[in-house]
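K.L.:
Take a look at the following structure, please.
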Ligand code: UDP
Ligand code: MG
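Next comes the structure, spelled out in structure tokens:
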């Protein structure tokens, strides 16, 4: 008998915990027909509402429901990592508790795995119900990533993925602290089947992501999977050196021909401000990578568990 582990990160999701369970169990006949057992591994990411109590209630009713509870909010990336680490299944699937990753897709996904794929990934083809500004920047981000990173990162890819134990182990072997799972999935490779579906809007509760958080997350993605900004800083440095040399030559010739008029300080101020701006920007880029390296060398744990059932 094969075991399927569903990994479900939850952060302040008291309204959704039970709904998810009910929706997931609609696949039970499929599991029975295919000689498959399952466990639902809720990862409570330091919720401040009654999420843990809701999960415990389900655990008492059904021992296939498991709980890993963090000591504080570590973020969805940490929750997914913990879930994969604690999962026991031959297959593992990561799902949002807000039903934006429809459990009704699972039979189709399992079908592809049985046909020999290592990994079944999903992407949404529409961004219906999302603010247009957010969609625009999301598209830009994926375009940029495709250009500056060797790792394949799909536009609209969700974290909703079904994978075999082999892929889970590959992902777990990447123990980096700054986790950008969408990139990690691409990096590990393996035979991946992509399924597409229309965006499903969240049923209850609110999204945990605002524009600013998403922006920072995109920087995380860029620094984790590309060093192009560092090359960009170096190229800028070279360009400005060439510009400065040309300027020096022009000024020497001009002084030789026309003498040395003391005018010209406004242009000087402009040039100095421009170049110091570029310098600070480039130092900032280096700083970003340095900060990531600093966090990485500390080797802090990715998450801390407070309670497990
Ligand atoms: N989540 C989490 N920790 C966080 C933020 C979110 O575990 O710090 C979980 C959340 O409970 C949900 C999933 O990650 O199951 C996706 O979050 P959300 O629906 O807010 O994101 P969106 O679907 O809007 O991108
Ligand atoms: Mg959601």
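Numbering (the numbering used here), first residue to last: 128 to 436.
Ideal Cβ placement from N, Cα and C applies to all residues, glycine included.
Bear in mind the structure is a predicted one, so any value in this text is a computation, not a measurement.
Output the residues surrounding the ligand UDP, defined as those with a CB atom closer than 6 Å to any ligand heavy atom, in chain order.
P.N.:
Spelled out in chain order, the answer is 136, 137, 138, 140, 172, 200, 202, 203, 206, 223, 224, 225, 227, 329, 334, 335 and 336.
K.L.:
Rounded to whole angstroms, what is the Cα-Cα separation between residue 204 and residue 270?
P.N.:
Residue 204 sits at position 77 when you count from the first residue of the chain shown. Residue 270 sits at position 143 when you count from the first residue of the chain shown. In a straight line, the C-alpha of residue 204 is about 22 Å away from that of residue 270.
K.L.:
Flag this pair as yes or no: are the beta carbons of residue 221 and residue 287 separated by less than 8 Å?
P.N.:
Here the question's residue 221 lines up with position 94 in the chain shown. Here the question's residue 287 lines up with position 160 in the chain shown. A contact, by the Cβ cut-off of 8 Å.
K.L.:
Using 10 angstroms around the beta-carbon of residue 278, count the other beta-carbons present and answer buried if the total reaches 16, otherwise exposed.
P.N.:
For the purposes of this step, residue 278 is taken as the residue at position 151 of the chain shown. Per the 10 Å Cβ criterion, buried.
K.L.:
Which value, in whole angstroms, describes the spacing of the CA atoms of residue 151 and residue 158?
P.N.:
Taking the chain shown and counting its residues from 1, one reaches residue 151 at position 24. Taking the chain shown and counting its residues from 1, one reaches residue 158 at position 31. Their Cα atoms are separated by approximately 11 Å.
K.L.:
At which residues does the alpha helix (DSSP H) containing residue 422 begin and terminate?
P.N.:
Your numbering for residue 422 matches position 295 in the chain shown. Looking at the DSSP string, the run of the alpha helix (DSSP H) that includes residue 422 is 392 to 425.
K.L.:
Once DSSP output is grouped into helix, strand and coil, what is the label at residue 321?
P.N.:
Position 194 of the chain shown, counted from the first residue, corresponds to residue 321. Strand, per DSSP.
K.L.:
Runs of 3 residues minimum, wholly inside the region 221 to 304: which ones carry the beta strand (DSSP E) assignment?
P.N.:
Complete beta strand (DSSP E) runs here, min 3: 246 to 251 and 284 to 291.
K.L.:
Kindly indicate which residue of 340, 244, 292 and 336 has the alpha-carbon position closest to the one of residue 321.
P.N.:
To locate residue 321, count along the chain shown from 1; it is residue 194. When each option's Cα is compared against that of residue 321, the closest is 244.
K.L.:
Taking 8 Å as the threshold (beta carbon to beta carbon), is residue 172 in contact with chain D?
P.N.:
Checking the listed chains, one finds no chain D in this structure; it contains a single protein chain.
K.L.:
Go to residue 155, then tell me how far its alpha helix (DSSP H) extends in each direction, as first and last residue.
P.N.:
If you number the chain shown from 1, residue 155 lands on position 28. From DSSP, the alpha helix (DSSP H) with residue 155 extends over 155 to 160.
K.L.:
Classify residue 323 as buried or exposed, calling it buried when 16 or more other Cβ atoms lie within 10 Å of its own Cβ.
P.N.:
Taking the chain shown and counting its residues from 1, the one referred to as residue 323 is at position 196. Classification of residue 323: exposed, given that the 10 Å Cβ count is below 16.
K.L.:
Is the region 194 to 213 touching the region 419 to 436, taking contact as three or more C-beta pairs under 8 Å?
P.N.:
Yes, they touch.
K.L.:
Please classify residue 425 as buried or exposed, where buried requires at least 16 neighbouring CB atoms within 10 angstroms.
P.N.:
By one-based count along the chain shown, residue 425 stands at place 298. Residue 425 is exposed by the Cβ-count criterion.
K.L.:
Using CA atoms only, rank isn't needed, just tell me which of 308, 284, 283 and 304 is closest to residue 294.
P.N.:
For the purposes of this step, residue 294 is identified with residue 167 of the chain shown, where counting begins at 1. Out of 308, 284, 283 and 304, 308 has the C-alpha closest to the C-alpha of residue 294.
K.L.:
Within the chosen definition, does the region 349 to 366 reach the region 159 to 176 through at least 3 CB pairs nearer than 8 Å?
P.N.:
No, because fewer than three Cβ pairs between the region 349 to 366 and the region 159 to 176 fall closer than 8 Å, the two stretches do not touch.
K.L.:
State the beta-bridge partners of residue 137 as determined by DSSP.
P.N.:
Numbered from its first residue, the chain shown carries residue 137 at position 10. 171.
K.L.:
Within the continuous beta strand (DSSP E) that includes residue 434, where are the two ends?
P.N.:
Here residue 434 refers to the residue found at position 307 when the chain shown is read from its first residue. Start and end: 432 to 435.
K.L.:
Check whether the Cβ atoms of residue 236 and residue 134 sit closer than 8 Å, and answer yes or no.
P.N.:
Numbered from its first residue, the chain shown carries residue 236 at position 109. Numbered from its first residue, the chain shown carries residue 134 at position 7. No, these two residues do not count as a Cβ contact at 8 Å.
K.L.:
Would residue 326 pass as a contact of residue 274 if the rule is Cβ separation under 8 Å?
P.N.:
On the chain shown, position 199 is the one that residue 326 refers to. On the chain shown, position 147 is the one that residue 274 refers to. No, Cβ-Cβ distance for residue 326 and residue 274 is not below 8 Å.
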